[in-house]
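Inspection log for the structure reproduced underneath, given as structure tokens.
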Ligand code: OOG
Ligand code: MG
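Now the structure itself:
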């Protein structure tokens, strides 16, 4: 087995069994392209188990997240059907190691979108936008990683919850939001924290996904990235995001 499939298997099994592993590249020696190849190979193992590819997630698109995790490069990961959590529904905590949650905005595409596009071209391909929550659960011990570690680990993605879809023609570039745990607002922010406007995250997703030979497809979801720092979550927590005009999304940690 070569290094790529070896690390892909390690990370996929860590996620599947909810058992954290040591960092694979603590000193950041691995080429970034190899880290993305590991990510791709680990997602292929999920697809081989019957999950479907449903979109892309962006990471470190806000300063708050970059500062929290000490990484200042934009990264992306692959979303599969197994990561989708029903809005309002219970989430089995046993599938996580040390989960965190962050408030995001999600796009669903009505048309394929690829390459170097303008914000206007990207917007024309968006069918709808929605408030969303992402559950991240790094496969590395103590949630510690280098840039290449987290890229190989599919940008820590573990679950995502999407609220009601809205018409994207009303500007969503500066919508106030709160993230609540057990009825208490634990983070307050705005969609403007995501690269100044979340559409910029979609533009980057179109470029990066096409560059990897996997252009964004009609029907795919794109998660724009956390607007605030992430918060730890535990069994029993009730978690929600409330976004100005777009409404709310929630889940319950069982
Ligand atoms: C990496 C994932 C970053 C975001 O929205 O910025 C991310 C991590 O923080 O573990 O999902
Ligand atoms: Mg995120």
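In the numbering used here, the protein residues as written are 1 to 254.
For glycine and all other residues, C-beta sits at the position ideal for the given N, C-alpha and C.
None of these values were measured; they are calculated from a predicted model.
Checking 9 Å against the spacing of the C-beta atoms, do residue i and residue j come in under that value?
| i | j | result |
| --- | --- | --- |
| residue 239 | residue 252 | yes |
| residue 156 | residue 59 | yes |
| residue 38 | residue 4 | yes |
| residue 121 | residue 223 | no |
| residue 250 | residue 186 | no |
| residue 7 | residue 152 | yes |
| residue 130 | residue 164 | yes |
| residue 242 | residue 154 | no |
| residue 194 | residue 105 | yes |
| residue 40 | residue 205 | no |
| residue 48 | residue 95 | no |
| residue 136 | residue 158 | yes |
| residue 119 | residue 199 | yes |
| residue 27 | residue 35 | no |
| residue 232 | residue 100 | yes |
| residue 245 | residue 170 | yes |
I'd like to confirm the pairing. Which residues does DSSP put opposite residue i in its beta bridges?
| i | result |
| --- | --- |
| residue 91 | 253 |
| residue 187 | 179 |
| residue 76 | 58 |
| residue 49 | In the DSSP output, where bridge partners are listed per residue, residue 49 has none listed. |
| residue 216 | 113 |
| residue 159 | 135 |
| residue 221 | 55, 108 |
| residue 21 | 140 |
Within a Cβ cutoff of 6 Å, which residues of the same chain sit near residue i, ignoring the five residues on either side of it in sequence?
| i | result |
| --- | --- |
| residue 189 | 177, 227, 228 |
| residue 143 | 98 |
| residue 108 | 127, 128, 221 |
| residue 30 | 148 |
| residue 197 | 173 |
| residue 77 | 57, 154, 155, 157 |
| residue 55 | 79, 220, 221, 222 |
| residue 202 | 107, 122, 222 |
With DSSP run on the structure shown, which of helix, strand or coil describes residue i?
| i | result |
| --- | --- |
| residue 227 | coil |
| residue 34 | helix |
| residue 16 | helix |
| residue 11 | helix |
| residue 195 | coil |
| residue 246 | coil |
| residue 172 | coil |
| residue 236 | coil |
| residue 166 | strand |
| residue 241 | strand |
| residue 211 | helix |
| residue 255 | This structure cannot settle anything about residue 255, because the visible part of the chain is limited to 1 through 254. |
| residue 82 | helix |
Taking 8 Å as the limit between beta carbons, can you name the residues of its chain near residue i, skipping five residues before and five after?
| i | result |
| --- | --- |
| residue 141 | 20, 21, 22, 23 |
| residue 207 | 115, 116, 117 |
| residue 46 | 12, 80, 82 |
| residue 112 | 125, 215, 216, 217, 218 |
| residue 68 | 229, 230 |
| residue 16 | none |
| residue 93 | 99, 234, 235, 253, 254 |
Keeping to the same chain, check which residues put their C-beta closer than 7 Å to that of residue i; ignore five residues upstream and five downstream.
| i | result |
| --- | --- |
| residue 174 | 190, 191, 192 |
| residue 234 | 253 |
| residue 237 | 181, 182, 253 |
| residue 75 | 59, 60, 150, 151, 155 |
| residue 139 | 11, 14, 15, 20, 21, 153 |
| residue 247 | 131, 163, 164 |
| residue 123 | 168, 199 |
| residue 90 | 252, 254 |
List in chain order: all unbroken beta strand (DSSP E) runs of 3+ residues lying wholly within the segment 84-140. 100-109, 126-136
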